[in-house]
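Everything below concerns the one structure shown next.
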Amino acid sequence: MTLFEQKILDLVRKIPQGKITTYEKIALKLGNKYLVRFIGNCLAKNLHLITIPCHRVVRKDQKVGNYALGVAKKINLLQNEGIIIKRGKIVNFNKVLYDFNLN
DNA sequence: ACGACGGCCCTCG
DNA sequence: ACGAGGGCCGTCG
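In our numbering, each number is its position in the first sequence, counted from 1, plus 14.
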């Protein structure tokens, strides 16, 4: 695992239970928006590290996005944390959105 | 709503 | 060592 990937995972690990963030926010935090593709790539590969709550990272358009264990699993996990999802979209998106810049 | 393409870092040939 | 391809995305047509 590279240093850059570590940085991504470190950020994801900071997302509290019941909150979400977007691929784009992480990308911007780390530099530029085109990183979104690599971020997805990285999370997909490192899912075996259970300590990283990959399911709390979603798409900017309020869809949940993809997940290595299946989208259904991702939705389940999110709903267990109080996030409301309807037809694949997060209903209370703005309320549960976590902002890294609050630190 | 859908498809194309962008410019990322990594992996693999 | 180098170049092509790939991926849990986002934007614009």
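We put the beta carbon where it would ideally sit given N, CA and C, even for glycine.
Name the two residues that bound the continuous alpha helix (DSSP H) containing residue i.
{"i": "residue 50", "result": "50 to 59"}
{"i": "residue 31", "result": "First-last for residue 31: undefined, no H or E at that position."}
{"i": "residue 115", "result": "Neither: residue 115 is in no alpha helix (DSSP H) and is coded neither H nor E."}
Of the choices the options, whose alpha-carbon is the least far from that of residue i?
{"i": "residue 103", "options": "116, 67, 112 and 80", "result": "80"}
{"i": "residue 50", "options": "56, 41 and 58", "result": "41"}
{"i": "residue 74", "options": "110, 96, 30 and 22", "result": "110"}
{"i": "residue 43", "options": "96, 21, 55 and 57", "result": "21"}
What do you reckon, is the C-beta of residue i under 6 Å from a heavy atom of the ligand PLP?
{"i": "residue 66", "result": "With respect to small molecules bound, the structure shown includes none, and the ligand PLP cannot be examined in it."}
| said: Suppose only complete runs of 4+ residues qualify. What are the alpha helix (DSSP H) ranges in the segment 34 to 105, listed by chain order? | reply: 37 to 44, 50 to 59 and 85 to 94
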